[in-house]
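Accompanying notes for the structure given below.
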Amino acid sequence: MDRLEKQYEIVVHGRVQGVGFRYAARNQARSLGLKGWVENQPDGSVRTLVQGPREACNS
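Under my numbering, residues 7 to 65 are what the sequence shown spells out, in order.
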């Protein structure tokens with residue numbers, strides 16, 4: 007875990023459920039070598055936690 011330099015929690019509002027947003031976010035994170043999770047929230051938003059090297063997190 008010493009390689010992890012940054013961690014962000016991101017909440018996205020709008021039309022983000024039922025449109026493939028979580029799938030796309032997961033694929034993008036994997037392609038950048040990031041770790042974390044993406045989950046739907048009861049209010050219709052999507053909550054994400056992402057962590058990894060600073061450069062990858064800021065991409």
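All residues carry an ideal CB built from backbone N, CA and C; glycine is no exception.
As the structure is a prediction and not an experimental result, all values here were calculated from the model.
Asked, Found
"Same chain only: Cβ atoms within 7 angstroms of residue 31, ignoring 5 sequence neighbours per side", "44 and 54"
"Cβ separation of residue 26 and residue 35, assumed to be a contact under 8 angstroms, to the nearest whole Å", "About 14 angstroms separates the two Cβ atoms, so there is no contact after all."
"Residue 34: first and last residue of the uninterrupted alpha helix (DSSP H) it sits in", "27 to 37"
"Integer-rounded CB distance, given that residue 13 should sit under 8 angstroms from residue 52", "Actually they do not touch by this definition, with Cβ atoms about 17 angstroms apart."
"Alpha carbon of residue 63 to alpha carbon of residue 29, nearest angstrom", "17 angstroms"
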